[in-house]
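Comments concern the structure below.
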Amino acid sequence: MAEYNTPTSEPEFHANFAQLKPRMNRTEALFESSRCLFCFDAPCIKACPSGIDVPQFIRQINTGNTTGAARTIYEANYFGNACGKVCPTEVLCEGACVYNLQDMKPIEIGRLQSFATREAIEQDKKLFSAGPPNGRKVAIIGAGPAGVSAACELRSLGYEVDVFEAKAQPSGLTVYGVAPYKITNEEVLAEMAYLEAQFGFRVQYNQPITSRRELEALEESYDAVFLGIGLGLTNPLHLPGEERANCVGAVEFIEQLRQRHHQTAVGRKVIVLGGGNTAMDAASESARLGAEDVILAYRRGKEEMGAYEFEYDLAKGVGVKGLFNVAPVEIMGNGKVEGVKFIRTATLNGQVQPVAGTEFVEPCDMVIKATGQAKQLHLLRLIPGLQIDGKGRIVADERTGQTTNPKYFTSGDARNGGAEVVNASAEAKAAARGIHEYLSAGL
Amino acid sequence: MPDLSINFAGIKSPNPFWLASAPPTNSGYQVMKAFDAGWGGAVWKTLGVPVVNVSSRYGGVNYRDKRMMGFNNIELISDRPLSDNLREIEEVKKRFPHHAVIASLMVQSRQEWHDIVRDVQNAGSDGIELNFGCPHGMCERGMGSAVGQEPEVLQTIVEWVMEVAKIPVIVKLTPNISDITEPAMAARRGGADAISLINTIQSIVGVDLDLFAPYPIVDGKGSNGGYCGPAVKPIALNMVKNCAQHPDVQLPISGIGGIESWRDAVEHILLGASSVQVCTAAMHYGFGIIREMTSGLEQYMTEKGFHTIYDMVGKALPNVKHWEDLNLKYKVTAEINEEKCIGCQLCYTACEDGAHQAIRLNEGTRVPEIIQENCVGCNLCSLVCPVEQCITMERRDDGTEHLTWKERTEAGTIPTEFDDERAGGRHHWVPAPAAALGKEKHKTLPGKARQYAAADAAALESSAVERPK
């Protein structure tokens with residue numbers, strides 16, 4: 001018997017995917033905020049990639065100025081509500097809390113952050129507005145954390161902003177790629193609607209930019225172009241049998257789960273390939289969808305996994321089993337997936353080597369590949385002069401986000417190769433300032 | 001096993017914990033329930049001509065997540081008929097003959113005082129408490145604190161009461177006065193057997209920011225009330241001490257004010273109280289708190305080797321001195337235990353902004369460092385430190401010298417000029433005013449400021465590049 005039954009209705013789905021960081025009520029927020037010591041030169045601020053003034057907003061919550069708290073958060077990070085729920089706070093702000101050094105529970109900064117911002121969103125508090133129009137226009141490709149954050153910041157500086165989004169909804173991986181027990185679609189989209197109403201940027205959905213002609217049109221009509229395109233589909237493994245039914249990419253699997261909830265089918269025995277945070281998510285999600293056995297297969301040792309320790313703990317907590325030092329050789333089956341042929345590996349001088357003669361087949365009826373996302377090179381190659389590094393990342397100025405084509409700026413996964421929502425959001429603000437600096441210099 | 005029983009000015013009680021005259025002693029039902037729970041005595045809610053009360057009546061002061069750290073009320077004395085109260089006093093005394101029932105009284109004329117004193121004696125009360133403390137509602141009618149603030153009137157009424165009283169009489173004092181010992185001495189002159197203090201402090205506990213009215217709000221309006229609860233204990237302790245130390249008071253003291261645990265009770269007792277009265281804590285948590293109070297008191301007495309309450313009454317009084325009698329040669333400075341420090345740096349910022357700039361931060365560590373030569377031993381850092389025993393105050397003088405302000409005054413060595421060599425801070429280093437500017441620029445900037453700082457830095461850089469042109 002598996003830990004979870006396959007959910008067949010919305011309520012069952014929500015029970016299986018209950019929020020890891022549920023919303024605080026006012027009393028809980030008061031109690032938790034009371035614990036904050038208000039450190040001088042607080043380590044939590046240092047640890048936050050977007051530099052949220054954490055002690056300040058916690059103090060504001062404690063004094064009943066929840067709206068002020070929301071303002072403090074949003075001034076540093078436009079994805080304030082989402083980040084409170086999806087950030088790996090254990091290794092960021094909460095991991096830096098001085099209470100850890102006293103072997104005490106750190107302040108629940110993430111939940112407090114979501115508490116304050118959610119109140120502001122629900123009460124539709126007017127915190128920001130567009131700056132006086134400066135007559136300049138910026139096009140943004142991608143309405144993910146990078147694109148939307150850049151749009152907000154540019155609007156506040158008085159730019160006209162159009163966002164072109166390939167998909168039907170804003171916020172990128174926050175709504176298409178984050179595990180559903182971290183945040184619900186409704187909550188993500190409420191924050192997006194709130195920001196759009198405050199800043200008044202325009203988003204054109206289902207508008208992928210894929211051709212040189214489309215880029216040229218943007219270059220002509222806009223003073224600058226911001227690339228917030230993130231990453232693409234799951235990288236192919238180039239294994240025999242990869243095309244078999246029920247062998248899917250983690251990104252695609254999670255997107256389907258986020259969009260179609262309990263209709264997402266999962267096998268009875270699932271093998272997840274990979275050792276990163278996405279692999280952990282896919283494994284946990286499979287278990288919560290009712291898979292009887294979920295195996296997490298990684299080609300190196302447990303300690304070498306890229307995933308955060310708490311993410312692996314979370315997966316183990318729902319019954320996921322680890323299978324380490326194995327590399328997939330072939331996806332077995334007859335039309336549909338029936339198993340994965342692995343070979344055992346050994347790590348020699350940091351290099352993973354297959355151990356000859358150790359092949360074995362692990363039966364399963366579904367394989368999820370969480371082996372990294374492809375870069376969107378097809379689009380990037382259409383931009384003249386745009387330099388891309390050896391790992392497929394856009395080369396850009398660290399402070400301003402300006403690429404080697406001066407009209408193009410970027411931030412987020414497309415530039416950093418794949419990081420957290422908070423990184424994309426923080427970097428996008430800086431890039432928006434970079435655009436402003438660039439366009440102001442010409443005046 | 002220590003003996004908790006007391007004989008307070010002739011009123012016997014199995015332990016020193018009494019419920020104060022207040023809502024918890026409004027009825028025989030409540031008093032019986034309290035005795036059943038373990039309370040030693042109860043001062044009945046003040047009897048007199050029954051009143052009419054308003055709704056609502058209470059206001060609280062919350063501190064962060066702590067409710068009712070302070071509490072106030074605009075309730076008056078008993079609104080129940082006197083005969084009901086007398087009948088219930090009789091019933092309680094029959095059921096609990098060894099517990100203390102004290103009748104709190106408040107009336108106006110001499111005749112009324114005589115009548116009501118006889119009534120409560122006949123009902124079987126063990127003692128009488130004269131309510132000269134109530135700071136709202138009753139004082140405007142010439143009773144309560146209006147009496148407590150006029151020592152001569154107070155003395156006269158005590159004398160009226162003593163004309164007929166056959167049981168011990170306690171005078172309850174108001175703190176709404178500049179010198180508590182004056183009414184205390186008047187009580188003694190009038191012939192009272194004991195005093196109790198403090199009654200509530202005149203207060204406004206808060207103002208509603210939307211309705212623009214003080215709490216508690218009665219149909220959009222409010223009034224000053226009487227303040228009590230944990231917040232008032234320090235004021236009560238000082239007044240108890242003042243009465244206990246005064247050579248012309250010399251009466252048993254029932255300590256009241258902010259008592260919620262055995263520890264609070266012991267503090268009152270060490271400063272001279274020989275019974276204690278509790279109200280707010282019982283209103284907050286119910287009568288059950290008595291179990292912690294008696295067990296804590298017993299444990300303390302056992303550990304200290306005290307056999308009876310009287311072994312510790314006033315034990316701290318010899319150590320409560322006037323400021324001028326303190327040793328100016330005693331010297332402590334702070335020490336930070338690096339192993340325990342969690343790096344919150346509250347001590348740094350407190351000392352830097354609130355004290356004597358005697359703590360510095362060093363690069364590469366979050367553990368602050370005490371600048372010993374600047375430390376005046378004020379305690380602030382150890383008070384703000386959230387970690388137990390992390391910052392300790394260590395003695396630095398060798399204990400051989402003892403010199404007080406009084407002695408210096410007598411010797412003529414105190415500073416007398418505005419710029420006197422003999423002033424305490426004369427050679428104490430303080431930073432130059434302008435050293436404050438930019439002092440904390442190493443502090444991590446939050447996101448927004450960080451961005452602008454980056455832009456400013458970039459602007460500076462570009463202007464620096466352009467300058468040679």
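Here the protein sequences come in this chain order: C and S.
Mapped onto full-length UniProt numbering, the consecutive letters of the first sequence carry residue numbers 1 to 443.
Mapped onto full-length UniProt numbering, the consecutive letters of the second sequence carry residue numbers 1 to 469.
The beta carbon of each residue, even a glycine, is placed where N, CA and C say it ideally should be.
Original post:
Would the beta-carbon of residue 317 of chain C fall within 9 Å of that of residue 294 of chain C?
Top reply: Against the first sequence, residue 317 of chain C aligns to sequence position 317. Against the first sequence, residue 294 of chain C aligns to sequence position 294. Pairing residue 317 of chain C with residue 294 of chain C gives a Cβ-Cβ distance that is not under 9 Å.
Original post:
Comparing the C-beta of residue 348 of chain S with each C-beta of chain C, is any distance below 9 Å?
Top reply: Here residue 348 of chain S refers to the residue found at position 348 when the second sequence is read from its first residue. Nearest CB-CB separation between residue 348 of chain S and chain C: below the 9 Å threshold.
Original post:
For residue 84 of chain S, which of S:65, S:48, S:415 has the nearest alpha-carbon?
Top reply: Residue 84 of chain S sits at position 84 when you count from the first residue of the second sequence. Taking each of S:65, S:48, S:415 in turn and checking the Cα distance to residue 84 of chain S, the smallest one comes out for S:48.
Original post:
Name the chain S residues whose beta carbon is nearer than 7 Å to that of residue 46 of chain C?
Top reply: By one-based count along the first sequence, residue 46 of chain C stands at place 46. At a C-beta separation below 7 Å, residue 46 of chain C has these neighbours in chain S: 444.
Subject >> Where the beta strand (DSSP E) containing residue 55 of chain C begins and where it ends >> reply: The residue given as residue 55 of chain C occupies position 55 in the first sequence. Where residue 55 of chain C is concerned, there is no enclosing beta strand (DSSP E), although the alpha helix (DSSP H) around it starts and stops at 54-62.
**OP:** Determine, using beta carbons only, whether residue 277 of chain C and residue 298 of chain C come nearer to each other than 9 Å.
**Re:** Residue 277 of chain C sits at position 277 when you count from the first residue of the first sequence. Residue 298 of chain C sits at position 298 when you count from the first residue of the first sequence. Contact annotation: residue 277 of chain C and residue 298 of chain C have beta-carbon atoms that are not nearer than 9 Å.
Original post:
Mind checking residue 203 of chain S: buried by the 16 CB within 10 Å criterion, or exposed?
Top reply: Locating residue 203 of chain S in the second sequence gives position 203, counting from the first residue. Buried is the call here.
Original post:
Quick one: any contact between the stretch 373-384 of chain S and the stretch 316-336 of chain S, if contact means 3 or more CB pairs under 8 Å?
Top reply: Taking one beta carbon from each stretch, the stretch 373-384 of chain S and the stretch 316-336 of chain S have 3 or more pairs nearer than 8 Å; the two touch.
Subject >> Chain-ordered neighbours of residue 387 of chain S on chain C, where CB pairs are closer than 8 Å >> reply: Position 387 of the second sequence, counted from the first residue, corresponds to residue 387 of chain S. Against residue 387 of chain S, the close residues of chain C are 102, in the order they occur along the chain (beta-carbon pairs closer than 8 Å).
Original post:
Are the beta-carbon atoms belonging to residue 446 of chain C and residue 370 of chain C less than 9 Å from one another?
Top reply: Any question about residue 446 of chain C goes unanswered here, given that chain C covers just 1 to 443.
Original post:
CB-CB under 6 Å to residue 333 of chain C, same chain, minus the five flanking residues each way: which ones, in chain order?
Top reply: Taking the first sequence and counting its residues from 1, the one referred to as residue 333 of chain C is at position 333. So the list reads 244, once near-sequence residues are dropped.
**OP:** Flag residue 343 of chain S as yes if its beta-carbon sits less than 9 Å from any beta-carbon of chain C, otherwise no.
**Re:** By one-based count along the second sequence, residue 343 of chain S stands at place 343. Interface residue, yes.
Original post:
Ordered along the chain, which non-local residues of its own chain (more than five positions away) have a Cβ less than 7 Å from that of residue 391 of chain C?
Top reply: Start at 1 with the first residue of the first sequence, and residue 391 of chain C comes out as number 391. The answer, listed in chain order, is 417.
Original post:
alpha helix (DSSP H) containing residue 145 of chain C: first to last residue?
Top reply: One-based indexing of the first sequence puts residue 145 of chain C at position 145. Run containing residue 145 of chain C: 145-156, per the alpha helix (DSSP H) assignment.
Subject >> residue 24 of chain S burial status per 10 Å Cβ neighbour count (16 or more: buried) >> reply: For this step, residue 24 of chain S is matched to residue 24 along the second sequence. Residue 24 of chain S is buried by the Cβ-count criterion.
**OP:** Anything in chain S within Cβ reach of residue 52 of chain C, meaning under 7 Å, just list it in chain order.
**Re:** As a working mapping, residue 52 of chain C is identified with position 52 in the first sequence. For residue 52 of chain C, the residues of chain S that pass the 7 Å Cβ criterion are 446, 447, in the order they occur in the chain.
Subject >> Cα-Cα separation between residue 465 of chain S and residue 116 of chain C, rounded to whole angstroms >> reply: As a first step, residue 465 of chain S is located in the second sequence; it is residue number 465 there, counting from the start. As a first step, residue 116 of chain C is located in the first sequence; it is residue number 116 there, counting from the start. No answer about residue 465 of chain S holds up, because its pLDDT of 42 lies below 50 and its placement is not dependable.
Original post:
Heavy atom of the ligand GTP less than 8 Å from the Cβ of residue 255 of chain S, yes or no?
Top reply: Although the ligand GTP was asked about, the structure shown includes no ligands whatsoever.
Original post:
For a contact meaning CB atoms closer than 7 Å, what does residue 65 of chain C contact in chain S?
Top reply: Within the first sequence, numbered from 1, the residue matching residue 65 of chain C stands at position 65. Those do not exist, as residue 65 of chain C stays about 12 Å from chain S at its closest Cβ, beyond 7 Å.
Subject >> Own chain, CB closer than 6 Å to residue 273 of chain S, minus 5 neighbours either side, in chain order >> reply: Within the second sequence, numbered from 1, the residue matching residue 273 of chain S stands at position 273. Excluding the 5 residues flanking it on each side, residue 273 of chain S has same chain C-beta neighbours closer than 6 Å at 240, 253, 255, in chain order.
**OP:** Classify residue 381 of chain S as helix, strand or coil using the three-state DSSP reduction.
**Re:** Taking the first residue of the second sequence as 1, we reach residue 381 of chain S at position 381. If DSSP states are grouped into helix, strand and coil, residue 381 of chain S belongs with the helices.
Original post:
Assuming residue 157 of chain S and residue 164 of chain S make a contact with CB atoms under 8 Å, what is their CB distance in whole Å?
Top reply: For the purposes of this step, residue 157 of chain S is taken as residue 157 along the second sequence, with counting starting at 1. For the purposes of this step, residue 164 of chain S is taken as residue 164 along the second sequence, with counting starting at 1. Wrong, their Cβ atoms sit about 12 Å apart, outside the cutoff.
**OP:** Determine the burial state of residue 286 of chain C: buried for a count of at least 16 other Cβ atoms within 10 Å of its Cβ, exposed for fewer.
**Re:** Here residue 286 of chain C refers to the residue found at position 286 of the first sequence. That one is buried.
Subject >> Closer than 8 Å at the beta carbon, the chain S residues around residue 90 of chain C >> reply: Locating residue 90 of chain C in the first sequence gives position 90, counting from the first residue. Using a Cβ-Cβ cut-off of 8 Å, residue 90 of chain C is close to nothing in chain S; its nearest Cβ partner there is about 18 Å away.
Subject >> Rounded Cβ spacing between residue 292 of chain C and residue 2 of chain C (contact assumed at less than 8 Å) >> reply: Sequence index remark: in the first sequence, residue 292 of chain C carries index 292 (1-based). Sequence index remark: in the first sequence, residue 2 of chain C carries index 2 (1-based). Confirmed, Cβ separation roughly 4 Å.
Original post:
Any idea which residues DSSP pairs residue 247 of chain C with across the strands?
Top reply: On the first sequence, position 247 is the one that residue 247 of chain C refers to. Residue pairing from DSSP places residue 247 of chain C in a beta bridge opposite C:367.
Subject >> Contact set between residue 64 of chain S and chain C, taken where Cβ atoms lie within less than 7 Å >> reply: As a first step, residue 64 of chain S is located in the second sequence; it is residue number 64 there, counting from the start. Result: 34, 62.
Original post:
Expressed to the nearest angstrom, what Euclidean distance is found between the alpha-carbon atoms of residue 311 of chain C and residue 330 of chain C?
Top reply: Along the first sequence, one-based indexing puts residue 311 of chain C at 311. Along the first sequence, one-based indexing puts residue 330 of chain C at 330. Looking at the two C-alpha atoms, the distance is approximately 27 Å.
Original post:
Got a sec: which bits of the stretch 15-43 of chain C sit with their beta carbon under 9 Å from any beta carbon on chain S, in order along the chain?
Top reply: Answer set for the stretch 15-43 of chain C: 27, 30, 31, 32, 33, 34, 35, 37, 38, 39, 40, 41, 42, 43.
Subject >> Validate contact between the stretch 109-126 of chain C and the stretch 59-78 of chain C using beta carbons, cut 8 Å, 3 pairs >> reply: Contact between the stretch 109-126 of chain C and the stretch 59-78 of chain C is established, with three or more Cβ pairs separated by less than 8 Å.
Subject >> Closest residue to residue 229 of chain S among S:61, S:416, S:16 (Cα-Cα distance) >> reply: Taking the second sequence and counting its residues from 1, the one referred to as residue 229 of chain S is at position 229. Selection S:61, S:416, S:16 evaluated against residue 229 of chain S yields S:61 as nearest (Cα-Cα).
Original post:
Quick one: does residue 439 of chain C have its CB under 9 Å from some CB of chain S?
Top reply: Along the first sequence, one-based indexing puts residue 439 of chain C at 439. Put simply, the CB of residue 439 of chain C is far from chain S, with every gap to its CB atoms at 9 Å or more.
Subject >> Extent of the continuous alpha helix (DSSP H) run through residue 221 of chain C >> reply: Locating residue 221 of chain C in the first sequence gives position 221, counting from the first residue. Here the alpha helix (DSSP H) through residue 221 of chain C covers 212-221.
Original post:
Name the DSSP bridge partner or partners of residue 8 of chain S?
Top reply: On the second sequence, residue 8 of chain S is found 8 positions in, with the first residue counted as 1. DSSP lists S:11 as partners of residue 8 of chain S.
Subject >> CA-to-CA distance, residue 135 of chain S to residue 314 of chain S, given in whole angstroms >> reply: Numbered from its first residue, the second sequence carries residue 314 of chain S at position 314. Numbered from its first residue, the second sequence carries residue 135 of chain S at position 135. Distance between residue 314 of chain S and residue 135 of chain S, taken at the CA atoms: about 28 Å.
Original post:
Is there a Cβ from chain S that is less than 9 Å from the Cβ of residue 148 of chain C?
Top reply: For the purposes of this step, residue 148 of chain C is identified with residue 148 of the first sequence, where counting begins at 1. No, because no Cβ of chain S sits closer than 9 Å to the Cβ of residue 148 of chain C.
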